[in-house]
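Presented below is the structure to which this report refers.
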Amino acid sequence: MNFHLLSRLFERSKSIEEQLKEYGGEESPYNLLRTNTPEENELREGEKLIVDAIPSYRAFGSQKRTVHRPISGRSADALNVRITLLGNSYFWKSRKNTPLEYHFSGSFHYFTTPGAYVKICQIGSDSHFTEHFSYSMVTFSHWGKCSLFDISALKSSHK
């Protein structure tokens, strides 16, 4: 997919979601937004869910256009963020079990993989997250609150 095609996608009057769906195919940025099937979301033996979050806001951007939107309901549920811990390894459960590296800096917890990350910050008793990834020259970001952030699991896995 080239930059010119991405630019054309963002210039039409249809919603970005419709545009990305329309493009389709295995290399579509829309496929990066897809989460696992219910079966794929099942925890493996010994696997522990440490982050569970649903976004309430998202943005898509290219050089020519950025669109910000609140999201809720089924759209938000479909973009859930789930991170698990299995042994000392982290996985982006909701993104096809992509392996993640964990880093802590200041007040922020980062779960990273090339081209993407989930950043979590605790503010009082609440945990807020940003999920960010890119495809070609388009970026995707989601923001929201974590319903689960098991910080004790993080500390115990990094002793």
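Here the sequence shown is numbered in the working numbering, starting from 2 and rising by one per residue. Cβ atoms here follow ideal geometry from the backbone N, Cα and C, with glycine treated the same way. Keep in mind the model is a prediction, meaning the values are calculated, not measured.
Check residue i in the structure and name its three-state DSSP category.
| i | result |
| --- | --- |
| asparagine 32 | Its pLDDT being 47, under 50, asparagine 32 is placed unreliably by the model, and the measurement read from it follows with that caveat. Correct three-state label for asparagine 32: helix. |
| arginine 96 | helix |
| glycine 26 | A caution first: glycine 26 carries a pLDDT of 40, below 50, which makes its placement in the model unreliable, though a value can still be read off. DSSP places glycine 26 in coil when its eight states are reduced to three. |
| leucine 44 | coil |
Compare the Cα-Cα distances from residue i to each of the options and report the closest residue.
| i | options | result |
| --- | --- | --- |
| arginine 70 | Cys147, His143, Leu155 and Asp151 | His143 |
| histidine 129 | Phe109, Thr114 and Ser137 | Phe109 |
| valine 68 | Phe150, Thr140 and Glu41 | Thr140 |
| isoleucine 124 | Gly145, Ser135 and His133 | Gly145 |
Which stretch, first to last residue, makes up the beta strand (DSSP E) that contains residue i?
| i | result |
| --- | --- |
| serine 76 | No beta strand (DSSP E) holds serine 76; the alpha helix (DSSP H) holding it covers 74-79. |
| aspartate 53 | 48-62 |
| arginine 70 | 67-71 |
| glycine 145 | 139-150 |
Tell me the DSSP bridge mates of residue i?
| i | result |
| --- | --- |
| aspartate 127 | Ile124 |
| leucine 86 | Lys49 and Tyr91 |
| alanine 117 | Thr114 and Phe134 |
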